[in-house]
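One structure is given here, and the rest of the page talks about it.
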Amino acid sequence: MTTSTSRHNDVIVDFQSKRGESSAAFFLPFLSPGMRLLDAGCGPGTITAAFCGAVGQVVGIDIEPKAITAARQLTGDGASANLRFEVADMMSLPFGPQEFDAVFFHAVLYHQPPEAIERALAEARRVLKPDGLIATRDADVGGNILYPDTAGLHLALDLWQRWYEHSNAEALQFGRRQGVVLRANGFDPIWSGASYVNHSADAAARRDTTRDAIASLRGLSSGLVAKALAEAAEVETAIDAWRQWGEVPDSVYLRCRCECVARKLAADSDVTPRPARALPRGCG
Ligand SMILES: C[S@@+](CC[C@H](N)C(=O)[O-])C[C@H]1O[C@@H](n2cnc3c(N)ncnc32)[C@H](O)[C@@H]1O
Numbered sequence: 043m044t045t046s047t048s049r050h051n052d053v054i055v056d057f058q059s060k061r062g063e064s065s066a067a068f069f070l071p072f073l074s075p076g077m078r079l080l081d082a083g084c085g086p087g088t089i090t091a092a093f094c095g096a097v098g099q100v101v102g103i104d105i106e107p108k109a110i111t112a113a114r115q116l117t118g119d120g121a122s123a124n125l126r127f128e129v130a131d132m133m134s135l136p137f138g139p140q141e142f143d144a145v146f147f148h149a150v151l152y153h154q155p156p157e158a159i160e161r162a163l164a165e166a167r168r169v170l171k172p173d174g175l176i177a178t179r180d181a182d183v184g185g186n187i188l189y190p191d192t193a194g195l196h197l198a199l200d201l202w203q204r205w206y207e208h209s210n211a212e213a214l215q216f217g218r219r220q221g222v223v224l225r226a227n228g229f230d231p232i233w234s235g236a237s238y239v240n241h242s243a244d245a246a247a248r249r250d251t252t253r254d255a256i257a258s259l260r261g262l263s264s265g266l267v268a269k270a271l272a273e274a275a276e277v278e279t280a281i282d283a284w285r286q287w288g289e290v291p292d293s294v295y296l297r298c299r300c301e302c303v304a305r306k307l308a309a310d311s312d313v314t315p316r317p318a319r320a321l322p323r324g325c326g
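Printed below as a string of structure tokens:
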């Protein structure tokens, strides 16, 4: 069986390294300087680093050694004294109980089957202090905006979903279900929203998006065909669609990311919300 580890590839690392502060922005108003934050499944660390100025200490963990190497390089190996990265499994965190004030999952849970999500959230609860905060930001295909909105582009999106084995509609719409999932796993959601990853801000961004999409599809092509998840011709059709998208001067690809912040419930709490601390301004 293919694991998320073996799916990691250079194209993904390259793409992820272009994002940072905008992906962390929704959680910043909930953080304060004394906090210790864990970024679980941190990938190349760009988003992890965006928390350094907001909290006292940041730890990024990822199961993929290559991602941690990229993270250490990207953030300049100790360039920030309050940031460190470790290879670790979010299903079995190498930390004691109640070591963190906040745990962050970005584009991580969406890729996991339900039992893995439960396990990862149980670990997050264990390492969080009482009243600790969890924040998740993940995709929801229902919110994506594409122009031109062609069948070939939808085929490309479908091929990526096939690769990640998201065969049911619930996984594809994980973003809107984050609050429900967190509540079912011992957290009290206190804020939710959404924002977009902009893959088409200007001509250079469109060029990069086209190049990355084509490189990703080419990278996955033999695996998709070998696993009988796609025909080679389908991959070529999807690649052509991205090429054509890249040639349209005002093409648009805005990728929806739903966001949720929740507070850890005490072990003996039910799901009834407890009296909340005052929310940061603009977050009520
Ligand atoms: C789509 S990437 C997101 C990376 C980063 N959070 C970001 O948004 O830039 C998903 C990451 O989760 C990591 N991952 C998957 N399963 C994991 C596990 N069990 N423990 C820790 N990391 C895991 C992968 O290696 C990958 O780096």
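Just so you know, we're using the numbering used here here: the sequence shown kicks off at 43 and counts up by one. Glycine included, every Cβ here is placed at the ideal spot set by N, Cα and C. Note that this is a predicted model, so its numbers are computed, not measured.
### Query
Counting only runs that start and end within the segment 172-210, where is the alpha helix (DSSP H) found for 4 or more residues in a row?
193-205
### Task
In angstroms with no decimal places, state the Cα-to-Cα distance between Gln403 and Ala177.
Limits of the chain in this structure are 43 at one end and 326 at the other, which puts residue 403 out of reach.
### Task
Note down, in chain order, each residue of its chain lying with its Cβ closer than 8 Å to the Cβ of Pro172, except the 5 sequence neighbours on either side.
Here residue 172 refers to the residue found at position 130 when the sequence shown is read from its first residue. Excluding positions up to five away in sequence, the list reads Gln140, Lys306, Ala308.
### Query
Candidates Arg126, Val290, Tyr206: which alpha carbon is nearest Gln154's?
Translated into the one-based positions of the sequence shown, residue 154 becomes position 112. When only C-alpha atoms are compared, the closest one is Tyr206.
### Query
Of the choices Gly138, Arg260, Ala236, whose alpha-carbon is the least far from that of Glu276?
Indexing the sequence shown from 1 puts residue 276 at position 234. The shortest C-alpha separation from Glu276 is found at Arg260.
### Task
Using alpha carbons as the reference points, say which of Ser134, Phe68, Pro71, Phe146 lies closest to Thr90.
Position 48 of the sequence shown, counting from 1, holds the residue named residue 90. Nearest of Ser134, Phe68, Pro71, Phe146 to Thr90, Cα basis: Phe146.
### Query
What did DSSP end up calling Leu70 once you bin it into helix, strand or coil?
In the sequence shown, the residue the question calls residue 70 occupies position 28. DSSP places Leu70 in helix when its eight states are reduced to three.
### Message
On the criterion of 16 or more Cβ atoms from any shown chain inside 10 Å, does Arg285 qualify as buried, or is it exposed?
### Response
Here residue 285 is taken as the residue at index 243 of the sequence shown, counted from 1. Per the 10 Å Cβ criterion, exposed.
### Message
For a test of the three-state rule: what should DSSP assign to Asp244, helix, strand or coil?
### Response
Position 202 of the sequence shown, counted from the start, is the residue given in the question as residue 244. Coil, per DSSP.
### Message
Following a CB-centred definition, is Thr178 positioned closer than 8 Å to any heavy atom of ligand 1?
### Response
For this step, residue 178 is matched to residue 136 along the sequence shown. Not so, every heavy atom of ligand 1 lies at least 8 Å from the Cβ.
### Task
Return the residue from the list Phe69, Leu79, Ala247, Tyr238 that minimises the CA-CA distance to Pro291.
Mapped onto the sequence shown, residue 291 falls at position 249. The candidate whose alpha carbon is nearest that of Pro291 is Ala247.
### Query
Taking C-beta to C-beta, are Glu128 and Gly102 nearer than 9 Å?
Counting from one through the sequence shown, the residue named residue 128 turns up at place 86. Counting from one through the sequence shown, the residue named residue 102 turns up at place 60. For Glu128 and Gly102, yes; Cβs fall inside 9 Å.
### Beta bridge counterpart(s) of Ile103 as assigned by DSSP
By 1-based counting over the sequence shown, the position of residue 103 is 61. DSSP, once it has assigned bridges, lists Ala82, Glu128 as partnering Ile103.
### Query
Does DSSP put Asp292 in a helix, in a strand, or in coil?
Numbered from 1 along the sequence shown, position 250 holds the residue referred to as residue 292. In this structure, Asp292 counts as coil in the three-state DSSP scheme.
### Query
In its own chain, which residues sit with a C-beta less than 7 Å from the C-beta of Phe21, not counting the 5 before and 5 after it?
Only positions 43 to 326 of the chain appear in the structure, and residue 21 is not among them; the question remains open.
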